[in-house]
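> Next up is a structure, given as structure tokens.
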Amino acid sequence: MDDKKKQELLDAFSEKLTNAVRLYMDGCTRCGTCIDSCHAYQSMPETRYTPVGRAQVVRRLFDRYFKLSGRIAPGMNEAVEFTDEWMQQVLDAAYSCTGCRRCMTVCPFGIDTQQIQGIAKHLVNTAGMTPVVLNMLADMSIAKAETIEDTRENFEQGVKNLEAEVIEKWKSEAGEDAIPIGAQDANVLYVALAGKHSIIPAAAVMNAAKEKWSLSYFEAVNFGAFAGNPAKTKVIARRIIDEATRLNVKEVAICECGTAYRVMKYMTGDHPFKVVSVVELFARYVKEGRIKLDKSKIEGGVTYHDPCQMARNGGIYDEPRYLLEQLTDNFVEMTPTREDNWCCGGGGGLVAMGEKDFRMKSSSVKVDQVKATGAKVLCTACENCHTQLSDLNEHYDVGVKVEFLSELLADALVSE
Amino acid sequence: MSNHDVAKTLDLKGLPCPMPVVKMSQEIGSVSVGQIIEVLTTDPGSISDFPAWAKSTGNEVLETVQGDPIKIYVKRLK
Chain A
37 MDDKKKQELL DAFSEKLTNA VRLYMDGCTR CGTCIDSCHA YQSMPETRYT PVGRAQVVRR
97 LFDRYFKLSG RIAPGMNEAV EFTDEWMQQV LDAAYSCTGC RRCMTVCPFG IDTQQIQGIA
157 KHLVNTAGMT PVVLNMLADM SIAKAETIED TRENFEQGVK NLEAEVIEKW KSEAGEDAIP
217 IGAQDANVLY VALAGKHSII PAAAVMNAAK EKWSLSYFEA VNFGAFAGNP AKTKVIARRI
277 IDEATRLNVK EVAICECGTA YRVMKYMTGD HPFKVVSVVE LFARYVKEGR IKLDKSKIEG
337 GVTYHDPCQM ARNGGIYDEP RYLLEQLTDN FVEMTPTRED NWCCGGGGGL VAMGEKDFRM
397 KSSSVKVDQV KATGAKVLCT ACENCHTQLS DLNEHYDVGV KVEFLSELLA DALVSE
Chain B
1257 MSNHDVAKTL DLKGLPCPMP VVKMSQEIGS VSVGQIIEVL TTDPGSISDF PAWAKSTGNE
1317 VLETVQGDPI KIYVKRLK
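Residue numbers (the working numbering), protein chains in the order written: chain A, 37 to 452; chain B, 1257 to 1334.
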């Protein structure tokens, strides 16, 4: 690796060195409390899959370039220099972690390992080693801001063609669009994903609640975050912020996508609108008596997988449980649950990257947790988790039905 | 009605996010420059995703045909 490349990596590392990160770098005593908290290590017990093991890959670079001992006598500690070989280890550390932050909840010093992983991804990106598929998806999202005018009418027609399926679930009021789009001054701008499964159930629920809403022209997910690229993350989020501001909406409701929610809620600053998860929105509808649900629709026990980016990283625990209690008398909690819930193993870009062998092997602990509930229905509220759980269900022959919470709600809507 | 000389058809119906674009990206190299891939999808988002993907990768969406499934015709340009 030449000196220019080393300097670029050093500059990238420096950009991420907040006071908190310096504390996380210096504060680890290698106590090992975090080791057993990682689903990957629980499923594949290798040091490289421990939170502290991954963090050490970054921390040893910190020791070399940002500590006095490393600068004057690097041989005295475990300091390492930027090399092509070491960057392969950084890549491995960055993309064997899903960013679930389960390790942070057990660290006695409160070290946010995910912020260290954020440095790893930023270094990987600076070195031009980011998985090609993540950059491709991020670039597509950015390009959409430029091509949206060319595709607007076609997209609107495509959405219009879904209205009959929405009406099958809930009949709209006379004269009302089943899927309004581009509506000025709506209460809610609903930001979905590309698939119709992300639009139809949510539309039915919002129509049942007589919400004044509008569908976004953009997809919710932010691939810039998966790629560890702060600049792209900002540009991708800006498309939705500008749309919401232009339409003068009161709230932006993010669909069942954990990363999309966390990025928009916590990583984009203040806005003239409120950011909520669609799960929070739907729980509010039930509490306010705006929608009624039939408890007899779901057969068998139902358990819930907390998406890490919505729950542990976003604080949404109670609303999905409240909704499920309105849908069934057979709700079964997983053990452990809530902030201690095991990650499904599909986050951090792994689902988009493929990586099926690693995803399956590193998540056997999740499979054991689901099986122990005895539930027939495994519900979640994140597209990424839904894909990973569906893959696990098939791979390990778990025998559950994996469902989105919005789908269960839409199928249980009743007039009275 | 479209009348493209299709080299390959990709059935991407019902795939979760972001697999339609991921699959397309993986498959574009399987046809020669100048050839056309026909995409079958049920995702309305693909209608705007594929032109954006084509712009960012230097390919071209020739036509989008509404229906069930939606058909998108993509020409490999490089």
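Each residue gets a CB set at the ideal place from its N, CA and C atoms; glycine is no exception.
Which residues, in chain order, does the region 151–185 of chain A contribute to contact with chain B at a C-beta distance below 8 Å?
Of all residues in the region 151–185 of chain A, 169, 172, 173, 175, 176, 177, 178, 179, 180, 182, 183, 184 have a Cβ within less than 8 Å of some Cβ in chain B.
> Look up residue 412(A) in the DSSP assignment and say whether it is helix, strand or coil.
As a working note, residue 412(A) is residue 376 in the first sequence. The answer is coil: DSSP assigns residue 412(A) none of H, G, I, E or B.
> List, in chain order, every chain A residue whose beta-carbon is nearer than 8 Å to that of residue 1311(B).
If you number the second sequence from 1, residue 1311(B) lands on position 55. Residues of chain A passing the Cβ test: 179, 182, 183.
> For a quick check, are the C-beta atoms of residue 1274(B) and residue 438(A) less than 8 Å apart?
Numbered from its first residue, the second sequence carries residue 1274(B) at position 18. Numbered from its first residue, the first sequence carries residue 438(A) at position 402. Contact flag unset, no.
> What is the C-beta distance between residue 97(A) and residue 145(A), in whole angstroms, given that I count them as a contact (C-beta under 8 Å)?
Within the first sequence, the letter at position 61 stands for residue 97(A). Within the first sequence, the letter at position 109 stands for residue 145(A). About 20 Å separates the two Cβ atoms, so there is no contact after all.
> Please state whether DSSP places residue 440(A) in a helix, a strand or coil.
Within the first sequence, numbered from 1, the residue matching residue 440(A) stands at position 404. Residue 440(A) falls in the strand class under three-state DSSP.
> Less than 8 Å between CB atoms is the rule here; does residue 1286(B) satisfy it with respect to chain A?
Translated into positions along the second sequence, residue 1286(B) becomes position 30. Chain A contact via Cβ: absent.
> At a cut of 8 Å, does the region 407–414 of chain A reach the region 280–293 of chain A through at least three beta carbon pairs?
Taking 8 Å as the limit for Cβ pairs, the verdict is that the region 280–293 of chain A does not touch the region 407–414 of chain A.
> Contact check, residue 350(A) vs residue 301(A) under 8 Å by CB: the rounded distance?
As a working note, residue 350(A) is residue 314 in the first sequence. As a working note, residue 301(A) is residue 265 in the first sequence. Yes, residue 350(A) and residue 301(A) are in contact; Cβ-Cβ is about 6 Å, under 8 Å.
> Quick one: which unbroken alpha helix (DSSP H) runs of 4-plus residues sit fully inside the region 129–210 of chain A? Chain order, please.
Those alpha helix (DSSP H) runs which fall completely within the region 129–210 of chain A and span 4+ residues are 138–142, 149–162, 168–196, 199–205.
> Return helix, strand or coil for residue 239(A), following the three-state DSSP convention.
Within the first sequence, residue 239(A) is the residue found at index 203, counting from 1. Helix at residue 239(A).
> Would you please state the rounded distance, in angstroms, between the beta carbons of residue 149(A) and residue 70(A)? I believe it to be under 8 Å.
Residue 149(A) sits at position 113 when you count from the first residue of the first sequence. Residue 70(A) sits at position 34 when you count from the first residue of the first sequence. About 7 Å separates the two Cβ atoms, so the contact holds.
> Out of curiosity, what's the CA-to-CA distance linking residue 385(A) and residue 205(A)?
Your numbering for residue 385(A) matches position 349 in the first sequence. Your numbering for residue 205(A) matches position 169 in the first sequence. Straight-line Cα distance between these residues: approximately 33 Å.
> One question on the structure: do residue 1214(B) and residue 1260(B) come within less than 8 Å of each other, judged by their Cβ atoms?
Residue 1214(B) lies beyond the residue range present for chain B, which begins at 1257 and ends at 1334; the question has no answer from this structure.
> Using 8 Å as the threshold, is the C-beta distance between residue 242(A) and residue 224(A) below it?
Here residue 242(A) is taken as the residue at index 206 of the first sequence, counted from 1. Here residue 224(A) is taken as the residue at index 188 of the first sequence, counted from 1. In this structure, residue 224(A) lies closer than 8 Å to residue 242(A) by Cβ.
> In its own chain, which residues sit with a C-beta less than 6 Å from the C-beta of residue 125(A), not counting the 5 before and 5 after it?
Taking the first residue of the first sequence as 1, we reach residue 125(A) at position 89. Hits under 6 Å: 93.
> In the DSSP assignment, the beta strand (DSSP E) including residue 116(A) goes from what residue to what residue?
Taking the first residue of the first sequence as 1, we reach residue 116(A) at position 80. Looking at the DSSP string, residue 116(A) is not in any beta strand (DSSP E), and its letter there is neither H nor E.
> Which one or two residues does DSSP pair with residue 1267(B) in a beta bridge?
For this step, residue 1267(B) is matched to residue 11 along the second sequence. Per DSSP, 1296(B).
> Count the CB pairs spanning the region 166–177 of chain A and the region 187–195 of chain A that are closer than 8 Å, and state whether there are at least three.
The region 166–177 of chain A is not in contact with the region 187–195 of chain A.
> Within its chain, find whatever has a CB closer than 6 Å to the CB of residue 89(A); leave out the 5 residues flanking it on each side and keep chain order.
For the purposes of this step, residue 89(A) is taken as the residue at position 53 of the first sequence. Taken in chain order, the residues that qualify are 83.
> Using a threshold of 8 Å, state whether the C-beta atoms of residue 1316(B) and residue 1333(B) are closer than that.
Along the second sequence, read from residue 1 onward, the residue named residue 1316(B) stands at position 60. Along the second sequence, read from residue 1 onward, the residue named residue 1333(B) stands at position 77. Against a cut-off of 8 Å, the Cβ pair of residue 1333(B) and residue 1316(B) comes out as a contact.
> For residue 194(A), which residues in chain B fall below 7 Å Cβ to Cβ?
The residue labelled residue 194(A) in the question sits at position 158 within the first sequence. Within 7 Å Cβ-Cβ: 1300, 1303, 1322, 1326.
> Sort out for me which residues DSSP pairs residue 1320(B) with in a bridge.
Reading the second sequence from its first residue, position 64 is the one you call residue 1320(B). In DSSP, residue 1320(B) forms a bridge with 1328(B).
> Leaving aside the five residues before and after residue 112(A) along the sequence, list all residues of the same chain whose C-beta is less than 7 Å from its C-beta, in chain order.
As a working mapping, residue 112(A) is identified with position 76 in the first sequence. For residue 112(A), where only same-chain residues beyond five positions count, the Cβ hits under 7 Å are 105.
> Less than 8 Å between CB atoms is the rule here; does residue 248(A) satisfy it with respect to chain B?
Numbered from its first residue, the first sequence carries residue 248(A) at position 212. Residue 248(A) does not count as touching chain B.
> Using the three-state DSSP reduction, which class does residue 122(A) fall into: helix, strand or coil?
Translated into positions along the first sequence, residue 122(A) becomes position 86. Reduced to three states, the DSSP call for residue 122(A) is helix.
> Indicate whether at least one CB of chain B lies closer than 8 Å to the CB of residue 103(A).
Within the first sequence, numbered from 1, the residue matching residue 103(A) stands at position 67. Output row for residue 103(A): interface = no.
> For residue 353(A) versus residue 415(A), is the C-beta distance shorter than 8 Å?
Residue 353(A) sits at position 317 when you count from the first residue of the first sequence. Residue 415(A) sits at position 379 when you count from the first residue of the first sequence. No, Cβ-Cβ distance for residue 353(A) and residue 415(A) is not below 8 Å.
> Per DSSP, what are the beta-bridge partners of residue 287(A) in this structure?
If you number the first sequence from 1, residue 287(A) lands on position 251. Beta-bridge pairing links residue 287(A) to 224(A), 310(A).
> Check each candidate in 184(A), 41(A), 78(A) and name the one with the smallest Cα separation from residue 381(A).
Mapped onto the first sequence, residue 381(A) falls at position 345. That would be 78(A), whose Cα lies nearest to the Cα of residue 381(A).
> Please list the partners that residue 235(A) has in chain B, where partner means a Cβ-to-Cβ separation under 8 Å.
Here residue 235(A) corresponds to residue number 199 of the first sequence, with the count starting at 1. The contacting residues are 1300.
> With residue 91(A) and residue 74(A) assumed to form a contact (beta carbons below 8 Å), what rounded beta-carbon distance in angstroms separates them?
Start at 1 with the first residue of the first sequence, and residue 91(A) comes out as number 55. Start at 1 with the first residue of the first sequence, and residue 74(A) comes out as number 38. That belief does not hold up - the Cβ atoms of residue 91(A) and residue 74(A) are roughly 11 Å apart, past 8 Å.
> If contacts are defined as beta-carbon pairs under 8 Å, then residue 307(A) and residue 277(A) qualify, I think. What distance do you get, rounded to the angstrom?
Residue numbering aside, residue 307(A) sits at position 271 when the first sequence is read from its first letter. Residue numbering aside, residue 277(A) sits at position 241 when the first sequence is read from its first letter. Between residue 277(A) and residue 307(A) the Cβ distance is about 6 Å, and since that is below 8 Å, they are a contact.
> Please confirm if residue 263(A) has its CB atom under 8 Å from at least one CB of chain B.
What you label residue 263(A) is simply residue 227 of the first sequence in a count that begins at 1. Cβ-Cβ to chain B under 8 Å: no for residue 263(A).
> Tell me the DSSP secondary structure of residue 254(A) in three-state form.
What you label residue 254(A) is simply residue 218 of the first sequence in a count that begins at 1. Residue state, collapsed to three classes: coil.
> Using a Cβ cut-off of 8 Å (strictly closer), state whether residue 269(A) contacts chain B.
Position 233 of the first sequence, counted from the start, is the residue given in the question as residue 269(A). Chain B, which has no Cβ nearer than 8 Å to the Cβ of residue 269(A), makes this no.
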